[in-house]
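Data first, discussion second: the structure below is written as structure tokens.
2 protein chains.
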Amino acid sequence: MQGAQSRTALASLTGLSHASMTAIMSDLLTQGLVAELTADRPDGRTRGRPATFVNFARNAAHAALFELDVNRARLSLIDYGGVLVDRIETDLTPTTFAGIAPCQFLSDRLDALLARTPAAQKTLRRVAISVQGILERDGRGLRWSPIQHLAGAPFATELSVARGLPVTLHKRGRLLAEGARWLDPALHEASVATVFVGSTVAMGVTFRGQIMGRGDEGATEFGHMNHVPNGALCRCGMRGCIEAYAADYAVLRNAYSVPETAPPAPAVPVQQYEMLMQRAESGDRSATHAFNLAGRAIGFGLSRMLAIYDPSHILIVGPGARALELMRPEIDQAIKASLVGSINGAPHIIAHRDETEPIFKGLLMKTLNDIDQVDFAPLPSTERAGTAG
Amino acid sequence: MQGAQSRTALASLTGLSHASMTAIMSDLLTQGLVAELTADRPDGRTRGRPATFVNFARNAAHAALFELDVNRARLSLIDYGGVLVDRIETDLTPTTFAGIAPCQFLSDRLDALLARTPAAQKTLRRVAISVQGILERDGRGLRWSPIQHLAGAPFATELSVARGLPVTLHKRGRLLAEGARWLDPALHEASVATVFVGSTVAMGVTFRGQIMGRGDEGATEFGHMNHVPNGALCRCGMRGCIEAYAADYAVLRNAYSVPETAPPAPAVPVQQYEMLMQRAESGDRSATHAFNLAGRAIGFGLSRMLAIYDPSHILIVGPGARALELMRPEIDQAIKASLVGSINGAPHIIAHRDETEPIFKGLLMKTLNDIDQVDFAPLPSTERAGTAG
DNA sequence: AGCATTATTTTCAATGCTCGAAAAAAGAAG
DNA sequence: CTTCTTTTTTCGAGCATTGAAAATAATGCT
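Protein sequence lines, in the order shown, are assigned to chains W and E.
For reference, each letter of the first sequence is one residue, going 160 to 548 in the numbering used here.
For reference, each letter of the second sequence is one residue, going 160 to 548 in the numbering used here.
Put into structure tokens, the structure is as follows:
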């Protein structure tokens with residue numbers, strides 16, 4: 160979504176008439192949600208009345224986006240135009256949240272961020288947090304998370320009270336789905352499964368453009384789908400999950416022939432995981448074997464998913480996306496051993512290079528949408544979606 | 160959907176105003192799609208202006224519905240009011256379609272049906288066929304079916320040409336989903352997984368009232384989800400499918416200790432399957448063991464499904480629904496061994512007594528809807544759905 | 001400079017769907 | 001025969017949307 164468009168372009172993009180577009184835009188202009196760009200853009204067309212471009216008014220609102228991962232916390236300040244204004248990154252360790260309450264940690268980062276951009280303080284509308292794990296049913300806290308000491312306290316509610324702002328919690332898998340829709344216009348209304356492979360294995364799923372999962376905050380637990388009954392020990396405490404074969408810690412464990420019932424490492428440094436890939440790419444037997452096991456787990460998982468849900472696109476994102484080619488033979492073989500795979504053929508599985516973009520994009524779009532839907536209440540929901548093309 | 164309702168009732172049911180309801184109904188009345196009932200119904204209310212009930216005009220259209228199963232073919236004539244007018248049943252054997260082309264078989268039954276109700280001939284609008292197996296992508300034929308000799312010929316197209324009528328082919332799993340929505344108003348907008356257990360294992364899935372699957376005719380292949388790599392031989396030719404443990408032929412095979420790589424029986428008589436249940440219910444060890452294996456396969460299948468899709472309701476239908484209590488311990492145990500199951504608890508799984516009703520109901524509603532949407536083109540789609548309550 | 005050309009944007013009257021309120025209708029109760 | 005109750009219809013208004021025409025703002029050509 161880059162919204163600098165002429166009214167005519169928006170009209171054909173949304174399928175509305177020019178007349179409607181004028182009416183809607185004059186509404187939004189008086190509300191101060193969009194602005195006309197005076198700077199005439201150097202685009203090819205010269206004849207005719209020059210188009211006046213409209214865009215979201217960047218200062219109409221700001222939002223703070225936290226992305227919490229096993230080894231890193233990232234806080235981004237974005238404006239209503241979807242532009243990244245500022246960003247703070249912090250390393251996390253398995254003991255971080257043993258030393259500081261999650262709410263306090265988040266509040267401190269937020270202070271630091273706002274200190275650098277004081278102007279955003281007045282227009283800050285929302286805080287959104289991306290987490291891994293299983294959310295409470297009400298979406299206000301975590302029941303379980305691979306990030307140590309994070310589950311338990313309802314830190315979203317605490318932060319909301321402390322700051323007097325709406326704070327939303329989003330499962331990473333769900334944001335993957337949201338983000339994938341915006342990576343490519345072709346995916347926006349398609350059925351897409353987006354698989355994250357890295358410190359965890361997660362999946363976001365859209366079905367004809369709708370994000371699947373129970374309730375508004377639902378998501379899948381692909382990483383914890385059973386692969387082998389009573390199999391390898393997973394971080395979640397269960398045995399035989401896909402993640403226990405395909406996440407970074409699992410590949411590490413298998414590459415070094417650690418028994419698969421050994422407790423998983425709480426966090427794997429990025430470099431170590433990258434090194435494993437290099438070793439496998441250069442032919443190292445034990446590393447290759449570990450990635451084969453990972454591919455097999457993902458392959459059977461996908462084959463089982465295909466029996467229920469048959470997306471038009473399968474994307475692999477995250478640090479593990481680089482290892483897709485190492486895993487592909489096993490993935491293909493597992494899928495071919497199933498009826499759907501043998502009849503429909505293996506689906507197209509593609510790796511998306513930038514691991515963090517889908518999650519950030521998803522968080523960003525979801526939050527801007529929340530601002531539109533909730534904070535700036537009665538707007539036609541088609542309007543922001545229309546700028547996708 | 161029983162449409163005999165007063166305009167006032169319909170208004171509150173649909174949420175539309177009385178004024179709109181009057182307008183819509185007068186439209187439909189002049190189009191001849193609905194009729195007013197003159198027979199005053201003996202309902203409690205006496206005071207006030209008596210309500211005039213409106214209902215679908217039964218003679219506005221008719222449809223012929225085929226339900227093809229492994230051992231039986233059933234043809235039903237229904238009218239626009241959704242009322243069953245007549246029905247013909249025919250036993251099928253694995254050799255039936257070796258002797259007669261599917262199109263010819265269907266056409267013969269259709270002749271027999273129409274001979275008994277000649278009045279329907281003029282208003283017959285559509286033929287709809289419920290089948291098992293995997294459809295071609297265009298939905299006009301079968302790639303594979305457990306019904307012997309049925310796959311291959313594009314008999315839907317042939318019949319359509321021969322009769323000059325639209326003929327649609329529907330995967331049974333999909334109809335399960337459609338039918339389940341109409342079994343209970345509470346299910347209509349819910350997320351429901353409906354599992355058929357009997358001569359096959361099939362599943363229909365709705366997500367917030369929408370039926371899932373690729374394209375308009377998509378459905379799931381739950382029965383052919385892999386349960387155990389390289390496991391029992393399935394009718395589909397693959398190994399380790401859930402069906403190869405949980406369908407009637409699989410239970411039979413396991414109960415008699417036939418090796419699980421032995422070719423599946425092409426059809427199992429209903430009585431034999433019922434007898435197995437009785438033996439298991441009265442404590443027979445080998446029968447109990449066979450149903451345990453079936454429960455385990457279904458349980459792991461559901462647990463794997465839950466990792467991706469978490470429905471609010473799980474229904475078990477079909478002949479095997481009677482055996483649910485035999486299978487439930489293994490189902491529960493398999494689900495409890497997964498992260499989602501252990502955190503969210505085992506979902507509510509309920510058996511639906513009448514096995515054929517969901518499929519027939521689904522076929523009926525889908526076909527009536529097709530008549531509305533396609534044949535009586537530009538009607539507001541809310542109108543029929545509104546009569547659900 | 002003046003006019004034709006081109007493309008964008010706005011205006012305007014009309015359409016279609018919806019609604020709330022009031023009115024009309026059809027009986028029962030008193 | 002009047003009053004009451006409930007259903008159904010009528011009526012005018014509101015609202016989002018549209019196509020067509022008009023207005024606008026530039027360039028290109030003579």
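Glycine included, every Cβ here is placed at the ideal spot set by N, Cα and C.
Computed from a predicted structure; not experimentally measured.
The alpha-carbon of Phe450/E is positioned some 15 Å away from that of Ala391/E.
DSSP places Val360/W in the strand class (E or B) of the three-state scheme. Assignment of Thr282/E by DSSP, reduced to helix, strand and coil, places it in the helix class. By the Cβ-count criterion, Ala278/E is exposed, with fewer than 16 other Cβ atoms from all chains shown falling within 10 Å of its own Cβ. The beta carbons of Arg246/W and Leu234/W sit about 7 Å from each other, so the pair counts as a contact at 8 Å. Taking 7 Å as the cut-off between beta carbons, the residues of the stretch 454-472 of chain E near chain W are Phe459, Ser462, Arg463, Met464, Ala466, Ile467, Tyr468 and Asp469, in sequence order. Going by DSSP, Ile237/W is part of the beta strand (DSSP E) stretching over Arg231 to Asp238. Non-local C-beta neighbours of Val364/W in its own chain, meaning closer than 6 Å and more than five positions away in sequence, comprise Ala336, Ala352, Met371 and Thr379, ordered along the chain. In the three-state reduction of the DSSP assignment, Glu440/W falls in the helix class, which pools H, G and I. If you draw a 10 Å sphere on the C-beta of Lys520/W, you find 16 or more other C-beta atoms in it, and that means buried.
Below the 7 Å Cβ cutoff, chain W contributes no neighbours of Arg438/E, its closest Cβ being approximately 27 Å away.
Annotation: Glu433/E to Ile530/E spans about 38 Å, alpha carbon to alpha carbon.
With respect to chain E, the C-beta atom of Ser497/W has a partner C-beta closer than 8 Å. Taking CB atoms only, Cys262/W has no neighbour in chain E less than 8 Å away. Those residues of the stretch 342-367 of chain E placed with their C-beta closer than 9 Å to a C-beta in chain W are Ser350, Ala352, Met362, Val364, Phe366 and Arg367, ordered along the chain.
For Gly479/W, same chain residues with a beta-carbon under 6 Å away, outside a window of 5 residues either side, are Val356 and Gly357 in chain order.
Between the alpha carbons of Pro428/W and Leu251/W lies a gap of roughly 11 Å. Here Gln291/E is buried, its C-beta having at least 16 other C-beta atoms within 10 Å. In chain W, no part has a C-beta under 8 Å from the C-beta of Glu195/E; the shortest such distance is about 39 Å. Contact of Asn385/E with chain W is assigned, a C-beta pair being separated by under 8 Å. For Val326/W, the closest of Arg166/W, Ala349/W, Arg299/W and Ala345/W by C-alpha to C-alpha distance is Arg299/W. Taking all protein chains in view, the Cβ of Asn413/W is crowded by 16 or more other Cβ atoms within 10 Å, so the residue is classified as buried. Of all C-beta pairs linking the stretch 443-458 of chain E to the stretch 328-343 of chain E, fewer than three are shorter than 8 Å, placing the two stretches out of contact. Tyr415/E counts as exposed, since fewer than 16 other C-beta atoms from the protein chains shown sit within 10 angstroms of its C-beta. Nearest Cα to Leu485/E within the set Ala505/E, Arg463/E, Gln437/E and Ala466/E: Gln437/E. When Thr189/W, Ser319/W, Gly191/W and Ser165/W are compared, the shortest CA-CA separation from Met180/W is found for Ser165/W. Nearest to Ala482/W by C-alpha distance, out of Thr211/W, Ser501/W, His511/W and Leu461/W, is His511/W. Within the stretch 386-450 of chain W, the complete alpha helix (DSSP H) runs of at least 4 residues fall at 402-405, 407-414 and 429-440. Counting along the chain, no beta strand (DSSP E) covers Asp531/E, and no H or E run does either.
Within the DSSP secondary-structure output, Glu195/E pairs in a beta bridge with Val213/E. Put simply, the CB of Glu489/E is far from chain W, with every gap to its CB atoms at 8 Å or more.
DSSP places Asp228/W in no beta strand (DSSP E); its state is neither H nor E. A direct Cα-to-Cα measurement between Ala312/E and Arg394/E gives close to 20 Å. Spatial neighbours of Pro423/E in its own chain (CB-CB distance under 6 Å, excluding positions within 5 residues in sequence) are listed in chain order as Arg394 and Tyr408.
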